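Number of protein chains: 2
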Amino acid sequence: MLYSIVKSNTYQDSLRLMQLSNTLNGTDGVNRVSIMMGTSANKKILRNAGLDTPDLDGAEPTDLVIAADVADASVGDSLLAKVDEFLCYRASMSGRSGLRSVRSLERAAGILGRVDLAIVSIPGQYVTPEVHRLLDRKIHTVIFSDNVSVSDEVELKRKAREGGLLVMGPDCGTGRIGGLPLGFANVVRDGSIGLVGASGTGLQEVMVHIDRLGSGVSHAIGLGGRDLSAEVGGTMCLQALRALDADAATDVVVLISKPPAASVRDEVIGVAGELSKPVVANLLGERAGGVEGNVHYARTLEETARVAVELAGMRAFRMVALGPEQRRIKALYTGGTLAAEAAMLLEDLIGPTTSTDPGHEVIDLGDDKYTCGRLHPMIDPSLRAERIAAVFDDPENAVLLLDVVLGHGANSNPAGPLAAAIVDGLAKLHADGRDLAVVASVCGTERDPQSVSAQTLILEQAGVAVLPSNAAAVRHAVAILQRRDARTVSPASPEPIRRLLSEPLRIINIGLREFAEPLLHLGAQVVHYDWRPVAGGDRKLQALIDALK
Amino acid sequence: MLYSIVKSNTYQDSLRLMQLSNTLNGTDGVNRVSIMMGTSANKKILRNAGLDTPDLDGAEPTDLVIAADVADASVGDSLLAKVDEFLCYRASMSGRSGLRSVRSLERAAGILGRVDLAIVSIPGQYVTPEVHRLLDRKIHTVIFSDNVSVSDEVELKRKAREGGLLVMGPDCGTGRIGGLPLGFANVVRDGSIGLVGASGTGLQEVMVHIDRLGSGVSHAIGLGGRDLSAEVGGTMCLQALRALDADAATDVVVLISKPPAASVRDEVIGVAGELSKPVVANLLGERAGGVEGNVHYARTLEETARVAVELAGMRAFRMVALGPEQRRIKALYTGGTLAAEAAMLLEDLIGPTTSTDPGHEVIDLGDDKYTCGRLHPMIDPSLRAERIAAVFDDPENAVLLLDVVLGHGANSNPAGPLAAAIVDGLAKLHADGRDLAVVASVCGTERDPQSVSAQTLILEQAGVAVLPSNAAAVRHAVAILQRRDARTVSPASPEPIRRLLSEPLRIINIGLREFAEPLLHLGAQVVHYDWRPVAGGDRKLQALIDALK
Numbered sequence: 110m111l112y113s114i115v116k117s118n119t120y121q122d123s124l125r126l127m128q129l130s131n132t133l134n135g136t137d138g139v140n141r142v143s144i145m146m147g148t149s150a151n152k153k154i155l156r157n158a159g160l161d162t163p164d165l166d167g168a169e170p171t172d173l174v175i176a177a178d179v180a181d182a183s184v185g186d187s188l189l190a191k192v193d194e195f196l197c198y199r200a201s202m203s204g205r206s207g208l209r210s211v212r213s214l215e216r217a218a219g220i221l222g223r224v225d226l227a228i229v230s231i232p233g234q235y236v237t238p239e240v241h242r243l244l245d246r247k248i249h250t251v252i253f254s255d256n257v258s259v260s261d262e263v264e265l266k267r268k269a270r271e272g273g274l275l276v277m278g279p280d281c282g283t284g285r286i287g288g289l290p291l292g293f294a295n296v297v298r299d300g301s302i303g304l305v306g307a308s309g310t311g312l313q314e315v316m317v318h319i320d321r322l323g324s325g326v327s328h329a330i331g332l333g334g335r336d337l338s339a340e341v342g343g344t345m346c347l348q349a350l351r352a353l354d355a356d357a358a359t360d361v362v363v364l365i366s367k368p369p370a371a372s373v374r375d376e377v378i379g380v381a382g383e384l385s386k387p388v389v390a391n392l393l394g395e396r397a398g399g400v401e402g403n404v405h406y407a408r409t410l411e412e413t414a415r416v417a418v419e420l421a422g423m424r425a426f427r428m429v430a431l432g433p434e435q436r437r438i439k440a441l442y443t444g445g446t447l448a449a450e451a452a453m454l455l456e457d458l459i460g461p462t463t464s465t466d467p468g469h470e471v472i473d474l475g476d477d478k479y480t481c482g483r484l485h486p487m488i489d490p491s492l493r494a495e496r497i498a499a500v501f502d503d504p505e506n507a508v509l510l511l512d513v514v515l516g517h518g519a520n521s522n523p524a525g526p527l528a529a530a531i532v533d534g535l536a537k538l539h540a541d542g543r544d545l546a547v548v549a550s551v552c553g554t555e556r557d558p559q560s561v562s563a564q565t566l567i568l569e570q571a572g573v574a575v576l577p578s579n580a581a582a583v584r585h586a587v588a589i590l591q592r593r594d595a596r597t598v599s600p601a602s603p604e605p606i607r608r609l610l611s612e613p614l615r616i617i618n619i620g621l622r623e624f625a626e627p628l629l630h631l632g633a634q635v636v637h638y639d640w641r642p643v644a645g646g647d648r649k650l651q652a653l654i655d656a657l658k
Numbered sequence: 110m111l112y113s114i115v116k117s118n119t120y121q122d123s124l125r126l127m128q129l130s131n132t133l134n135g136t137d138g139v140n141r142v143s144i145m146m147g148t149s150a151n152k153k154i155l156r157n158a159g160l161d162t163p164d165l166d167g168a169e170p171t172d173l174v175i176a177a178d179v180a181d182a183s184v185g186d187s188l189l190a191k192v193d194e195f196l197c198y199r200a201s202m203s204g205r206s207g208l209r210s211v212r213s214l215e216r217a218a219g220i221l222g223r224v225d226l227a228i229v230s231i232p233g234q235y236v237t238p239e240v241h242r243l244l245d246r247k248i249h250t251v252i253f254s255d256n257v258s259v260s261d262e263v264e265l266k267r268k269a270r271e272g273g274l275l276v277m278g279p280d281c282g283t284g285r286i287g288g289l290p291l292g293f294a295n296v297v298r299d300g301s302i303g304l305v306g307a308s309g310t311g312l313q314e315v316m317v318h319i320d321r322l323g324s325g326v327s328h329a330i331g332l333g334g335r336d337l338s339a340e341v342g343g344t345m346c347l348q349a350l351r352a353l354d355a356d357a358a359t360d361v362v363v364l365i366s367k368p369p370a371a372s373v374r375d376e377v378i379g380v381a382g383e384l385s386k387p388v389v390a391n392l393l394g395e396r397a398g399g400v401e402g403n404v405h406y407a408r409t410l411e412e413t414a415r416v417a418v419e420l421a422g423m424r425a426f427r428m429v430a431l432g433p434e435q436r437r438i439k440a441l442y443t444g445g446t447l448a449a450e451a452a453m454l455l456e457d458l459i460g461p462t463t464s465t466d467p468g469h470e471v472i473d474l475g476d477d478k479y480t481c482g483r484l485h486p487m488i489d490p491s492l493r494a495e496r497i498a499a500v501f502d503d504p505e506n507a508v509l510l511l512d513v514v515l516g517h518g519a520n521s522n523p524a525g526p527l528a529a530a531i532v533d534g535l536a537k538l539h540a541d542g543r544d545l546a547v548v549a550s551v552c553g554t555e556r557d558p559q560s561v562s563a564q565t566l567i568l569e570q571a572g573v574a575v576l577p578s579n580a581a582a583v584r585h586a587v588a589i590l591q592r593r594d595a596r597t598v599s600p601a602s603p604e605p606i607r608r609l610l611s612e613p614l615r616i617i618n619i620g621l622r623e624f625a626e627p628l629l630h631l632g633a634q635v636v637h638y639d640w641r642p643v644a645g646g647d648r649k650l651q652a653l654i655d656a657l658k
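Here it is in structure tokens:
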């Protein structure tokens with residue numbers, strides 16, 4: 110038999126109600142049960158599910174509806190008792206975790222003093238006026254709720270942009286600001302990679318892989334899936350990119366989005382290309398890879414993480430101050446195939462030589478024309494060590510790129526003579542107030558007779574940036590030139606966003622209590638605003654109240 | 110002043126002599142010194158270096174020449190004394206390491222009984238007749254020496270192919286057979302990845318990265334840089350590819366080469382495509398990536414290693430016996446962007462749907478049309494668990510592909526209900542004598558509330574292949590279909606090569622002693638053949654002796 114009860118003005122959030130429905134479904138005598146707020150959408154769902162009773166028609170959006178298919182009326186009554194018990198229990202649990210819970214935005218703001226961020230997870234139809242009130246108070250907002258119209262999103266984001274604020278969402282699944290997880294968020298390491306994403310699980314997958322590769326995240330700014338649509342125009346994406354460029358904790362910026370509208374894509378990539386920091390862009394499926402200026406494209410989410418981690422690692426190396434005339438990469442290799450790979454990658458990354466380009470050079474010192482009458486340079490490092498002095502002397506050289514090959518048969522300490530020549534060369538340059546970047550990779554394992562870590566240390570102590578592969582070393586050499594050419598001044602970012610990303614946050618949580626708990630455990634200042642629809646859910650009356658304020 | 114001495118019939122290998130020259134250069138009173146065998150090439154080098162004395166003219170290839178620029182004659186005499194001392198010391202050291210050293214091939218072969226492999230590192234001009242003698246005795250050969258003519262290489266490799274033998278080189282820098290390093294070789298883990306390479310440091314870089322990624326090498330067969338030229342025609346490359354396909358220790362085959370001749374490329378890729386095992390091909394710079402049947406292309410050497418390690422990992426999963434009608438990948442996702450990435454990669458890897466293809470399907474269960482009136486499947490896993498039964502019922506389904514998203518906000522045990530549904534589904538299929546592959550990735554970290562390792566274990570115990578990323582899971586799903594379609598019979602490989610790759614090796618080392626030492630330390634049976642030119646270096650006389658045998 111069908112059984113239904115409507116409890117008027119008993120607002121509960123939908124997550125809690127669905128958990129309750131799942132718990133009660135299939136218990137003794139209960140064939141099916143749905144517990145929902147009496148919105149028109151929910152009433153339609155109940156009718157489609159064959160749970161329509163005449164009671165339903167009169168239910169208001171702020172009424173709690175229990176609709177069930179049960180064995181008999183007594184089962185229905187026990188169901189109602191269980192629902193009441195659950196709601197009472199939840200109510201009595203509130204406050205136990207130490208989370209302060211209040212019934213108005215004003216009260217929450219009063220407790221916190223300054224409010225930086227609000228997390229909004231109330232039903233979609235109530236979101237827009239609440240977020241307008243937050244933006245009026247200069248509060249950045251994360252909107253997890255969906256079912257907000259595009260026109261409302263456009264309006265809210267326009268307002269946010271004018272106020273120098275961020276609106277993340279609607280339908281923003283995940284985020285992380287200053288180490289605090291927002292919504293559905295994996296627990297990852299703090300680090301120097303900042304992410305912007307119009308994609309929830311895309312951000313999650315990239316953050317997880319950054320963490321697995323031993324690196325970490327500064328911020329992850331979710332935008333909601335429609336931010337890069339033609340209607341919304343990437344408003345918040347552009348704010349977020351500029352903000353991460355200006356943010357001191359961020360070294361590398363990641364941008365993830367499903368394919369954006371063409372017009373928006375051009376503007377977003379245009380701004381990404383103007384940033385002072387490297388950007389890794391994954392516009393799902395849009396292009397395979399490659400580099401344009403400071404923007405590195407990746408095709409898969411794991412590749413996005415890998416490229417970002419590699420770029421973040423590069424930022425940790427000694428900064429080299431290059432003069433404007435220093436434009437050449439000079440590579441002195443001992444391995445023929447490593448040299449061939451370097452030449453191939455240089456062409457991939459830099460393209461054909463231009464008039465301002467003095468011609469990068471990859472020399473394979475293992476080639477017959479260099480070894481005639483001498484040992485192969487993998488056995489005898491003296492040939493290369495001798496040639497290094499000339500590299501430091503040439504004022505057009507910017508980067509000296511090297512391979513070091515270990516293993517049986519190779520020299521027992523190839524890094525030694527190299528390091529000595531590099532220390533000499535750098536000392537002379539530094540005495541002249543000049544500099545040169547030295548980049549290398551070591552092809553070897555820990556169990557090789559020379560030990561890759563021991564050889565790496567010798568090079569690092571000589572001032573060499575040692576990358577984990579030949580390909581990474583070549584990319585780093587190119588990145589050094591690109592960084593020299595990059596603007597050093599970041600585009601301006603509004604002061605409220607700068608503060609959001611750099612100062613301890615005071616947060617109001619509006620909607621699902623669950624989102625406040627992890628923040629509280631991490632020591633953030635959070636107040637829960639136990640929101641429920643005002644004025645019996647009458648949006649017109651609410652609009653009138655807003656207008657009168 | 111110039112000083113020179115010619116010691117007739119005193120052969121020493123060039124590595125040792127160059128080490129000696131390097132040691133003595135720059136010692137008291139010595140401005141410059143070169144110690145070389147009196148070949149015409151070396152005499153030219155000495156003349157170009159300004160070390161030409163009348164003595165030089167009469168020196169024979171088997172004579173030792175000491176040429177120096179010294180302060181006075183007494184320095185020259187002390188130099189000669191040092192050279193004699195060095196040569197005597199080396200002679201007295203021979204035998205100390207436990208390496209047996211003999212003066213003829215016959216004697217070496219007599220000691221070992223059966224001989225599998227010879228390592229040849231004598232001067233290039235003497236190589237060809239020695240290798241002919243080895244091939245006549247059915248001995249596989251690694252030739253480290255360079256300066257062997259292309260026509261000799263063609264002839265030697267033709268003879269080897271006819272005898273079912275491998276000739277690796279000339280100019281083969283590195284190799285590894287059955288765990289034994291050959292020549293310039295890094296110390297890497299044993300494993301299931303077999304490599305074939307016409308590139309020395311290319312092989313080394315890929316092996317090093319395979320090792321760093323925690324995987325290992327079965328064999329690495331060097332070919333010499335000219336094997337894939339039009340003249341040589343990839344003779345040995347084709348032998349090596351087929352041999353690794355037939356080799357029980359090898360699961361994945363890697364092919365590395367500088368860009369081959371076009372005609373050779375087509376034949377080599379044709380054979381690679383016929384193998385029963387996956388192949389990772391890096392034809393330096395030739396193409397960016399992608400998959401054709403079982404052949405995966407990689408652009409950089411580190412990417413080559415990464416793809417090979419991923420494919421080797423996949424071979425470790427439960428083998429699934431698919432029927433011919435099972436052709437569909439059915440993906441049930443909870444993450445929208447993960448689903449979008451899966452769809453994109455399926456199209457990348459499989460291409461447009463064909464008539465024999467029932468249409469792969471990626472369903473995003475987080476889409477509104479599935480969640481209407483239900484919780485998001487990242488919170489409530491029951492929706493997906495319910496739909497899994499139908500996937501097992503459809504006889505056209507080959508692979509069930511899944512994502513599992515962890516973190517704050519997500520279900521506290523998403524793998525649990527999934528695993529239960531999969532165990533049920535597999536049990537019913539197995540009872541019918543059928544099967545289905547289940548492939549997943551877990552988006553999460555160890556510090557997530559659910560713990561990625563705990564969730565992975567639950568899935569693995571249910572029979573799921575858990576890959577380290579969504580992209581890897583998609584590639585694995587495609588690989589399962591490709592493996593089902595792959596021929597199960599490997600192309601035939603000659604019996605002598607099968608034995609070379611699978612049985613303990615007995616090795617003759619001809620030339621540089623250094624190459625024998627690591628083999629001896631690893632417990633291999635090695636005899637050193639202390640080669641020197643016969644008949645005063647007269648190649649015509651040697652040819653006559655060979656002809657008379």
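Just so you know, the protein sequences line up as chains A and B, in that order. Reminder that position 306 of the first sequence reads as 415 in the working numbering, one-by-one numbering, no gaps. Reminder that position 406 of the second sequence reads as 515 in the working numbering, one-by-one numbering, no gaps. Note that the Cβ used here is the ideal one computed from N, Cα and C, for glycine as well. Predicted model, so just to flag it, every value in this text is computed and none were measured.
With the rule of 3 Cβ pairs closer than 8 Å, the region 372–380 of chain B does not count as touching the region 410–423 of chain A.
For the alpha helix (DSSP H) assignment, the uninterrupted runs of no fewer than 4 residues enclosed by the region 176–242 of chain A are, from N- to C-terminal side, 182–202 and 214–221. Only those residues of the region 298–316 of chain B whose C-beta falls short of 7 Å from the nearest C-beta of chain A are listed: Ser-308, Gly-309, Thr-310, Gly-311, Gln-313 and Glu-314. Taking a C-beta cut-off of 9 Å against chain A, the contacting residues of the region 554–570 of chain B are Thr-554, Glu-555, Arg-556, Asp-557, Pro-558 and Val-561, listed in chain order. A straight-line Cα-Cα distance of about 30 Å links Met-345(B) and Pro-558(A). Sorting Ser-254(A), Phe-253(A) and Val-276(A) by C-alpha distance to the C-alpha of Glu-264(A) places Val-276(A) at the top. Ile-319(B) is positioned such that its CB atom lies no closer than 8 Å to that of Val-636(B). Taking all protein chains in view, the Cβ of Ser-117(A) is surrounded by fewer than 16 other Cβ atoms within 10 Å, so the residue is classified as exposed. By the CB criterion at 8 Å, Leu-332(A) and Gly-300(A) fall outside the cutoff. The Cβ atoms of Ala-407(A) and Gly-394(A) do not sit closer than 8 Å to each other. Of the other Cβ atoms in all chains shown, fewer than 16 fall within 10 Å of the Cβ of Val-259(A); this residue is therefore exposed. Contact between Ala-524(A) and Gly-516(B) does not hold, since their C-beta atoms are separated by about 43 Å, which reaches or exceeds 8 Å. In this chain, the alpha helix (DSSP H) harbouring Ala-355(A) covers 344–355.
The alpha-carbon of Val-362(A) is positioned some 10 Å away from that of Asp-356(A).
Annotation: Arg-270(A) to Ile-459(B) spans about 43 Å, alpha carbon to alpha carbon. Within chain A, the residues whose beta carbon sits less than 9 Å from that of Lys-367(B) are Gly-445, Thr-446 and Ala-449, listed in sequence order. Contact residues of the region 479–492 of chain B toward chain A are Cys-481, Gly-482, Arg-483, Leu-484, Met-487, Ile-488, Asp-489 and Ser-491 (C-beta to C-beta distance below 8 Å). Closer than 8 Å to the CB of Ala-580(A) there is at least one CB belonging to chain B. Residues of the region 510–541 of chain B with a C-beta atom less than 8 Å from some C-beta of chain A are Asp-512, Val-514, Leu-515, Gly-516, His-517, Gly-518 and Ala-519, listed in chain order. In the same chain as Leu-160(B), and ignoring 5 residues on each side of it, the C-beta atoms closer than 8 Å to its own belong to Leu-111, Ser-113, Arg-141, Ser-143, Ala-176, Ala-177 and Asp-178, in chain order. When 9 Å is used as the limit between beta carbons, Met-127(A) is near these residues of chain B: Gly-482, Arg-483, Leu-484, Ile-488 and Asp-489, in chain order.
For Gly-222(B) against Leu-244(B), the beta-carbon gap comes to about 19 Å, at or over 8 Å, which does not count as contact. At a Cβ-Cβ threshold of 8 Å, Gly-309(A) and Thr-283(A) count as neighbours.
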